[in-house]
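Here is the structure we will look at.
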Amino acid sequence: MIIGTKSRLWLRWVAANSLAELIGLSATFALDILILARVAAASSALASLAGIVLMAATGAIEGTVVGLFQWRVLRGPFPSIARRAWVVATVVGAVIAWFLGSLPSTLIDMGGQQTGSAAQEPPAIVVSLLAAGMGLFLGAVLGIPQWLVLRRVVKGAWLWIPANCLAWALGMPVIFAMMDRAYAAYAAGVFVGAMVVLAGTLALTGAVVGAVHGLALAK
521 MIIGTKSRLW LRWVAANSLA ELIGLSATFA LDILILARVA AASSALASLA
571 GIVLMAATGA IEGTVVGLFQ WRVLRGPFPS IARRAWVVAT VVGAVIAWFL
621 GSLPSTLIDM GGQQTGSAAQ EPPAIVVSLL AAGMGLFLGA VLGIPQWLVL
671 RRVVKGAWLW IPANCLAWAL GMPVIFAMMD RAYAAYAAGV FVGAMVVLAG
721 TLALTGAVVG AVHGLALAK
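Laid out in structure tokens, this is it:
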């Protein structure tokens with residue numbers, strides 16, 4: 521059970537991750553929408569590959585914001601962790617995760633362009649399971665660079681990797697499920713409602729993720 525100082529650390533960590541994902545993912549998604557619009561207009565394999573690279577690069581935005589917010593909490597219990605080291609590790613993980621995460625959908629779209637048929641969306645339960653699996657994998661991608669920093673200052677830092685896997689296995693389905701609702705509101709012309717759902721989704725995702733690996737941090 522987390523009490524006292526550890527409880528305050530956990531609450532600060534959850535709040536920091538919630539706000540960081542709200543800001544970082546909002547900016548990243550905004551740029552990615554523009555990139556995807558350009559890729560769709562070009563309708564070529566080369567444009568799709570360029571889109572993957574550009575979307576991976578936008579992961580640096582999320583990584584920087586999340587890294588800075590997390591470090592502001594970390595510097596209390598772990599003052600020897602340098603801001604630059606933590607932010608760089610977070611950016612590296614985010615860029616790789618965005619690259620790997622954007623590959624499947626882009627390749628599917630490329631296949632659809634070649635065959636001239638639109639890909640059918642699987643049932644919601646399948647989407648949720650796939651999202652959880654993606655989160656499990658990408659959680660490791662995000663956690664390993666940060667673990668390399670943590671292991672220098674604390675014993676048992678290995679726990680950070682499975683904690684990130686579990687955190688994103690729970691957080692990723694939240695993004696997928698709520699994004700559909702935001703898109704539905706946008707398509708119906710309810711723009712304000714779509715923005716509210718989107719903002720709430722990103723903040724909730726950050727809180728869920730932070731709540732899980734925050735327990736590992738407190739431990």
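Residue numbers (the numbering used here): 521 to 739.
All C-beta atoms in this analysis are idealised placements derived from N, C-alpha and C, irrespective of residue type, glycine included.
Remark: fewer than three beta-carbon pairs, one from each stretch, lie closer than 8 Å, so the segment 540-549 and the segment 591-606 are not flagged as touching. Per the Cβ contact rule, the segment 706-723 is not in contact with the segment 662-679 (fewer than 3 Cβ pairs under 8 Å). The beta carbons of G655 and W618 sit no closer together than 8 Å.
Uninterrupted alpha helix (DSSP H) stretches at least 4 residues long and entirely within the segment 657-736 occur at 680-707, given in chain order. Three or more Cβ pairs drawn from the segment 579-590 and the segment 602-620 lie within less than 8 Å of each other, which places the two stretches in contact. Judged by beta-carbon spacing, M692 lies beyond the 8 Å limit of A644, meaning their Cβ atoms are not closer than that value. Taking the CA atoms as reference points, I664 sits about 8 Å from W680. Note on geometry: alpha-carbon atoms of L668 and A697 lie some 32 Å from one another. Annotated as distal: L569 and L737, with beta-carbon spacing of 8 Å or more. Contact between L551 and T578 holds, with the beta-carbon distance rounding to 5 Å and staying under 8 Å. The C-beta of V694 has 16 or more other C-beta atoms within 10 Å across all chains shown, which makes the residue buried. A Cβ-Cβ distance of about 16 Å is found for the pair V661 and L690, leaving them out of contact under the 8 Å criterion. Straight-line measurement puts the Cα of L566 at about 44 Å from the Cα of R532. Measuring C-alpha to C-alpha distances from T610 to each of L623, S622, L588, G726 identifies L588 as the nearest.
Scanning its chain for C-beta atoms nearer than 8 Å, with the 5 sequence neighbours on each side dropped, one finds around L623 the residues I572, in chain order.
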